[in-house]
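Before any comments, here is the structure.
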């Protein structure tokens, strides 16, 4: 009933380069191969998803998501090498911080109502 | 220019028992000895601060903030022993998770634009 949730944000100046929503989108694009499918799965409009991808791409030295235009690949999107590395590093931040937070969290739980 | 910020949330069922705003308020009450002063310092209305205190108190086995009513102590508020312990544990979650996240964060920084 009591849970601890982190929301890590990577700020590039005042812009949120990465946060839980953007990273879930990144993961969804990697899995589905399209922005539209990833957006649908997250209950997000295509326009919103496209804007989040655009923001992410602009905050990094190289784009995280590559969009194919025209031809048979039309509508397809894929994570770049940078995108895959950044996704893995964000997930590592989450898992390593969860592990480090656990002892204090267990103590805190003793104070919380059931 | 690039920064990593965690926002740890403690959920009691669906209620946010603790988050960055509530914890800053707790700290402010501990320092100033009144809800009004702590709220002002955080740019928050007294009503909002009072509601946040009420929510926090309800999520724990014992209240985190004790309000004195009437007499010379009127308007004063203080952290209880539970309040001080919970505040310290939340700050420990933040600092230990920051430290644990740092290696992956340093790697991620290399991908971010300057």
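Chains as they are written, first to last, in my numbering: chain A, 16 to 129; chain B, 16 to 129. Using N, Cα and C, we set each Cβ at its ideal position, and we do this for glycine too.
* Which one of A/33, A/75, A/21 and A/17 has the shortest CA to CA distance from residue 29 of chain B? -> Mapped onto the second chain, residue 29 of chain B falls at position 14. Ranking A/33, A/75, A/21 and A/17 by Cα distance to residue 29 of chain B puts A/17 first.
* Asked: Would a check of beta-carbon distances place residue 56 of chain B closer than 9 Å to chain A?
  -> Locating residue 56 of chain B in the second chain gives position 41, counting from the first residue. Not one chain A Cβ lies under 9 Å of residue 56 of chain B.
* Reference residue 123 of chain B, options A/21, A/129 and A/26, closest by Cα -> Walking along the second chain from the start, residue 123 of chain B turns up at place 108. Checked all of A/21, A/129 and A/26; the closest Cα to residue 123 of chain B is A/26.
* Under the rule that 16 or more other beta-carbon atoms within 10 Å means buried, what is residue 112 of chain A, buried or exposed? -> Here residue 112 of chain A refers to the residue found at position 97 when the first chain is read from its first residue. It is buried - the Cβ of residue 112 of chain A has at least 16 other Cβ atoms within 10 Å.
* Report the neighbours of residue 28 of chain A on chain B: residues whose CB is nearer than 7 Å to its CB, in chain order. => For this step, residue 28 of chain A is matched to residue 13 along the first chain. Neighbours of residue 28 of chain A on chain B, chain order: 16.
* Asked: Within 9 Å (strictly less), CB to CB, does residue 10 of chain A reach chain B?
  -> Residue 10 of chain A lies beyond the range of chain A shown here (16 to 129); nothing can be said about it.
* Asked: Does residue 112 of chain A come within less than 9 Å of chain B when only Cβ atoms are used?
  -> Taking the first chain and counting its residues from 1, one reaches residue 112 of chain A at position 97. So, interface residue.
* For residue 89 of chain A, the three-state DSSP class (helix, strand or coil) -> One-based indexing of the first chain puts residue 89 of chain A at position 74. Note that residue 89 of chain A scores 48 on pLDDT, short of 50, meaning its location in the model is unreliable; the coordinates nonetheless yield the value given after this. It is coil, neither helix nor strand.
* Spatial neighbours of residue 88 of chain B in its chain, beta-carbon cut-off 7 Å, leaving aside the 5 residues before and after -> For the purposes of this step, residue 88 of chain B is taken as the residue at position 73 of the second chain. Residue placement at residue 88 of chain B is poorly supported in this model, since its pLDDT is 47, which falls under 50; the coordinates still yield a value, given next. Nothing meets the Cβ criterion.
* Taking Cβ positions only, does residue 122 of chain A come closer than 9 Å to chain B? -> Here residue 122 of chain A refers to the residue found at position 107 when the first chain is read from its first residue. Interface residue, yes.
* Would you say residue 19 of chain B faces chain A, with C-beta separation under 9 Å as the test? -> Working through the second chain from its first residue, we reach residue 19 of chain B at position 4. Taking Cβ atoms only, chain A reaches closer than 9 Å to residue 19 of chain B, which makes this a yes.
* Determine the chain A residues that contact residue 115 of chain B at a beta-carbon separation under 9 Å, and present them in chain order. => Translated into positions along the second chain, residue 115 of chain B becomes position 100. Result: 108, 111, 112, 113, 114, 115 and 116.
* To do: Measuring only between beta-carbons, confirm whether residue 128 of chain A sits less than 9 Å from chain B.
  => Counting from one through the first chain, the residue named residue 128 of chain A turns up at place 113. Closer than 9 Å: yes.
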